[in-house]
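Novice:
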Amino acid sequence: MPFRIALGARLRLIAATLGLAFAGCLGTSTPALAGAPVLDPQELAACQQINAYRASKGLGALKVSPTLIRAAKWMSADMAANDYVSHTDSRGREPVARIRTFGFRNATAGENVAAGYGDAAVTFKQWKTNAAHRRVMLDANFTAIGIGRATAADSMLGWFWTTTFGAGRERAVAC
Numbered sequence: 134m135p136f137r138i139a140l141g142a143r144l145r146l147i148a149a150t151l152g153l154a155f156a157g158c159l160g161t162s163t164p165a166l167a168g169a170p171v172l173d174p175q176e177l178a179a180c181q182q183i184n185a186y187r188a189s190k191g192l193g194a195l196k197v198s199p200t201l202i203r204a205a206k207w208m209s210a211d212m213a214a215n216d217y218v219s220h221t222d223s224r225g226r227e228p229v230a231r232i233r234t235f236g237f238r239n240a241t242a243g244e245n246v247a248a249g250y251g252d253a254a255v256t257f258k259q260w261k262t263n264a265a266h267r268r269v270m271l272d273a274n275f276t277a278i279g280i281g282r283a284t285a286a287d288s289m290l291g292w293f294w295t296t297t298f299g300a301g302r303e304r305a306v307a308c
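Just so we're aligned: the sequence shown equals residues 134 to 308 in my numbering.
1) What would DSSP say about PHE293, mapped onto helix, strand or coil?
2) Just reading off the beta strand (DSSP E) that ASN184 is part of, what are its end residues?
3) Throw me the rounded Cβ distance for the LEU290 and VAL218 pair, which I believe falls under 8 Å.
4) Let me know the secondary structure DSSP gives ASN215 once reduced to three states.
5) Name the one or two DSSP bridge partners that ALA273 has.
6) Work out the CA separation of SER189 and GLN235 for me, nearest whole Å.
7) So what's PHE257 in DSSP terms, helix, strand or just coil?
8) Buried or exposed: which applies to ASN274, given that a residue is buried once 16 or more other Cβ atoms fall within 10 Å of its Cβ?
9) Could you pull the DSSP bridge partners for ARG282 from this structure?
10) Using 8 Å as the threshold, is the segment 182-200 in touch with the segment 291-304, meaning 3 or more CB pairs across them?
11) Measuring CB atoms only, is the segment 172-182 touching the segment 276-287, in the sense that at least three cross pairs come out at less than 8 Å?
12) Assuming PHE257 and ILE183 are in contact, meaning their beta carbons sit under 8 Å apart, how far apart are those beta carbons, in whole angstroms?
13) For GLU244, which beta-bridge partners are listed by DSSP?
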């Protein structure tokens, strides 16, 4: 049976994860948008690996979207708090519906999830070796990305990752 934690503890974990997302730093000279959540060093590494992979296939680099980061970080925190891996979140929402609740309005959106490793290189390899995940990362319609990872001390799977992809007019920065 999957590990479950009490609702109060789950909400504190999600809030703490999102709070860290807002208080962290990029660890690079790339400017962040004022008030926007930022990527931790492993999330940043994943973004750079995805963009390098896209470049090797002749595709443009994705820019980091504050809205997509919020959606990705929430999803990773939800999976960690509830110890599951799925594109359907604990509230029953599919990726596009969930991403829209965070304010991303474009109909073009996608998502990759993974679990088990805190390291960006290993997680990227998981996505790269799966045809469906590869299609999402290499979709030429996507121009923006959000990345989030979270862990819960007692989770069976360790780290939980989410990348959200979209196309939109929102201000975004390079990763």
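Here a beta-carbon is modelled for each residue, glycine too, at the ideal position from N, C-alpha and C.
Every value quoted in this text rests on a predicted model; they were computed, and no experiment measured them.
Specialist: Concretely, from the data shown:
1) Assignment of PHE293 by DSSP, reduced to helix, strand and coil, places it in the strand class.
2) Unbroken run through ASN184 is the alpha helix (DSSP H), 174-189; no beta strand (DSSP E).
3) About 7 Å; that satisfies the 8 Å criterion.
4) Under the three-state reduction of DSSP, ASN215 is assigned to helix.
5) ALA273 pairs with nothing; no bridge assigned.
6) According to the sequence as given, residue 235 is Phe; it is not Gln. Computed Cα separation, rounded: 31 Å.
7) Helix.
8) It is exposed - the Cβ of ASN274 has fewer than 16 other Cβ atoms within 10 Å.
9) According to DSSP, ARG282 shares a beta bridge with TRP294.
10) The segment 182-200 is in contact with the segment 291-304.
11) Yes, they touch.
12) Between PHE257 and ILE183 the beta-carbon gap is near 7 Å, inside 8 Å, which marks them as a contact.
13) Under DSSP, GLU244 shares a beta bridge with THR297.
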